[in-house]
Amino acid sequence: MLFTEKAYGKLNLALDVLGKRPDGYHDMRMIMQSVDFYDTVTVQTETGTGWQFDCYREKDARRDVFPQNEKNLAWRAAEIFCRAAGVKMDNLSVTICKRIPTQAGMAGGSSDAAAVLRALNRACGAPFSVTALCNLAEQVGSDVPYCVLGGTALAEGRGEILTALTPLPEVYFVVCMPDFAVSTPELFAAIDQSRVASHPDIDAMLQAIAQGNVAEIGNRMGNVFQILVERDHPVVSCICRMLLACGACGAQMTGTGSVVFGMFSDLEDAKAAREAVQAYASEIFLAKPV
Ligand code: C5P
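Under the working numbering, think of the first position of the sequence shown as 6, with each following residue one higher.
Now the structure itself:
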C-alpha cells in the first residue's frame, strides 16, 4: 500500500529566544506558519524488498546532498514510529522528493520527518492520536511536533508546546533563498554570546493574528537571529528593504535563516517584488499560508 503526504515548509512570523536551558536547548516563543510549498513524501509498506530510503532534490535529482541513512530525520522518524507502535517493518520504502530549500530555516527536514510519521500512522490504521504523534515527533526534533500539525501556531518550550491560532487572512509570501546556508547549532551558540537588544512582542502578534489585522501582523514581525546573520550577510537586510519598498506589510528571515520572506496583502505587489529581488536569490517562489 502507498501513502503520500505533503511536507509543507514553514515560515516564522515571529521568533524569540527566551534563554538557555539546563538541557542545552533554548526556550523559545515562535509564531509558525506553514506555506503551500512542499516536499512529497511517499511511504510504501509490504514492498517485499526490505528497507529502502531515497531522498532526492526535484530540480536536479541530486541525492548526495542529503543523508540517505539514520542521519536523515525522516529515517529517524520511521525508526521511532516502528518502535513505539511495536511493528516490525522489514519491508518499507520511504521516498522523499525535495523542493523546500535546505539549511534555510523552513524546517524542510523536520517537515519530511513529520510527514513520515503521519503516513506510517495511516499505514498502520491510526494507532496514535494526533497528540500522541506529536509526542513521538518531539523525540525526532524540536520543530517536528509543529510540522505534524501545521497551520498558524504558537510554539513554546523547545518548540514542542503548541497552541493552534486563527488562520491568517489571505496573504502572499515572497520567499527568497539567498546564496548562503546557515548552521542552526552555530547560531544558537552565537546567540548565547550576544545581548539580544530587541525582542519581538509575541503577545501583540497574537492579538494581531486573533484580529486578522494583516498590517499589524506585519508590524509585529521580528526574529532575534536576524541581526546575527546580517553581520556576515548584509544581503539579508538588503532583500528585506527591497521587499518592504515593494509594498510588503513585513519582511524578515525565517528560523535561523537563510531564507528571507515578505508578506503581502496584494498579489500584484508580491509578483512585482519577486521580480525585484530575483537577482539576490538562488531560489525564489510565491507561497500562500496553508
Ligand atoms: O531539536 P533539534 O535536533 O532540531 O535541534 C537542533 C539544534 O538546535 C540543537 O542541537 C540545539 O543546538 C539547537 N536548538 C536549541 N533550542 C531549541 C531548538 C534547537 O538550542 N529550542
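Built from N, CA and C at the ideal position, the CB exists for glycine as well.
Query, Result
"Closer than 7 Å: P190 CB and nearest the ligand C5P heavy atom", "yes"
"Supposed contact pair A142 and V153 - C-beta distance, whole angstroms, cut 8 Å", "5 Å"
"Candidates V149, G262, R88 and L18: closest to E191 by CA position", "G262"
"DSSP state of Y30 mapped onto helix, strand, coil", "coil"
"Residue nearest to F133 in terms of C-alpha spacing, selected from P172, F86 and Q144", "F86"
"G14 CB to nearest heavy atom of the ligand C5P below 7 Å", "no"
"Proximity of I222 and I214 at Cβ, strictly below 8 Å", "yes"
"Inter-residue spacing [alpha-carbon to alpha-carbon] between D59 and R68", "8 Å"
"Buried versus exposed call for E165 [16 or more other C-beta atoms within 10 Å across all chains shown]", "buried"
"Contact test: F193 Cβ vs the ligand C5P heavy atom, cutoff 7 Å", "yes"
"Close beta carbons around I196, own chain, < 6 Å, minus the five adjacent residues each side", "V22"
"Identified DSSP bridge partners for S98", "Q49 and Q57"
"M35 Cβ short of 7 Å to the ligand C5P heavy atom set", "no"
"Beta-carbon proximity check, P106 vs M182, cutoff 8 Å", "yes"
"Secondary structure of M210, DSSP reduced to three states", "helix"
"Helix, strand or coil at D44 [DSSP, three-state]", "strand"
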